[in-house]
């Protein structure tokens, strides 16, 4: 029988450390357990905390025995974990803004609750953002059920940065916006296989936006507005990650990192009401 789970407190959690992982979740106890298990197996980044905010319809996902065990495993390995509830729901952007407000870390990883990170992925992302000095880096997620679905026409959108990323104005209808075609299915996995990188090597490439696993320089994210645009968006929205990244790209630049160590669990979405694209508000504000 599981003993009661210590939820932690915001006061104890909010400390100046290297990295915090921020995970919003809803109605996904099994997926959350897998996501946390990936974090618990990371090496090379000793100084990171994890904040989970739950908006499940019933009890919070983190009390499920599998998820609770991974919370305890993270703490056993020296990583602080904060478990919170954020109700009533006010939309994805507000949920991410709430989580961001709990962090005082230099970097924050916005990680979806249905992404497993392979060992070494976190260390590679931290190395990349330090060396590149841009506003964010990310690992686009692989959908392994598409591993045999090779789409060479999409691979043409892969373009590496030569040197550090520079700020870019990315808008719909531009070639830069079309870069997103590299990320669906298993496209990036196939590009990686063709490059035949030596062990330990990585590449930075140009992006329009990345879903699921994005590491921000927290100060640069806040300088670009963070997720505070939630106040101007109807709560039934999607694309809040796109909105934040467009803003960061314009001020500080950003990059995808290859190889990606992020794998999508391919579960049904819990975001079923998508009446508004949040990024449209950011684009309208920055015309």
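In the numbering used here, the protein residues as written are -2 to 284.
Every residue, glycine too, gets a C-beta built ideally from N, C-alpha and C.
All values derive from a computational prediction rather than experimental measurement.
Using a threshold of 7 Å, state whether the C-beta atoms of residue i and residue j are closer than that.
i, j, result
"residue 243", "residue 199", "no"
"residue 246", "residue 165", "yes"
"residue 114", "residue 50", "no"
"residue 178", "residue 142", "no"
"residue 117", "residue 77", "no"
"residue 29", "residue 58", "yes"
"residue 201", "residue 252", "yes"
Within the continuous alpha helix (DSSP H) that includes residue i, where are the two ends?
i, result
"residue 79", "Here residue 79 belongs to no alpha helix (DSSP H); instead the beta strand (DSSP E) covers 78 to 82."
"residue 177", "First-last for residue 177: undefined, no H or E at that position."
"residue 259", "That residue, residue 259, is in no alpha helix (DSSP H); its beta strand (DSSP E) goes 259 to 261."
State the DSSP-derived secondary structure class of residue i, mapped to helix, strand or coil.
i, result
"residue 7", "helix"
"residue 50", "strand"
"residue 21", "strand"
"residue 226", "helix"
"residue 152", "helix"
"residue 60", "helix"
"residue 296", "Look at the range of the chain in this structure, -2 to 284, and you will see that residue 296 is not part of it."
"residue 200", "strand"
"residue 147", "coil"
By the DSSP assignment, the beta strand (DSSP E) with residue i in it spans what residues?
i, result
"residue 243", "Taken as a continuous stretch (DSSP letters only), residue 243 belongs to no beta strand (DSSP E), being part of the alpha helix (DSSP H) at 237 to 249."
"residue 104", "104 to 108"
"residue 192", "First-last for residue 192: 184 to 192, but that is the alpha helix (DSSP H), not the beta strand (DSSP E)."
Assuming residue i and residue j are in contact, meaning their beta carbons sit under 8 Å apart, how far apart are those beta carbons, in whole angstroms?
i, j, result
"residue 261", "residue 138", "4 Å"
"residue 278", "residue 229", "5 Å"
"residue 145", "residue 264", "Not quite, the Cβ-Cβ distance comes to about 21 Å (not below 8 Å), so this is no contact."
Query raised in the report: Hey, is the segment 9 to 29 in contact with the segment 97 to 117, meaning 3+ C-beta pairs nearer than 8 Å?
Result: yes
Report task. Inspect the CB distances between the segment 122 to 136 and the segment 204 to 218 and report whether three or more fall short of 8 Å. Result -> yes
Requested in this report: Decide if the segment 33 to 40 is in contact with the segment 2 to 13; the criterion is three or more beta carbon pairs, one per stretch, under 8 Å apart.
Outcome: no
**Report entry** Inter-stretch contact (C-beta, 8 Å, three-pair minimum) for the segment 51 to 60 and the segment 73 to 83
**Finding:** yes
Query - At least 3 beta-carbon pairs within less than 8 Å: the segment 26 to 38 vs the segment 62 to 72 - result: yes
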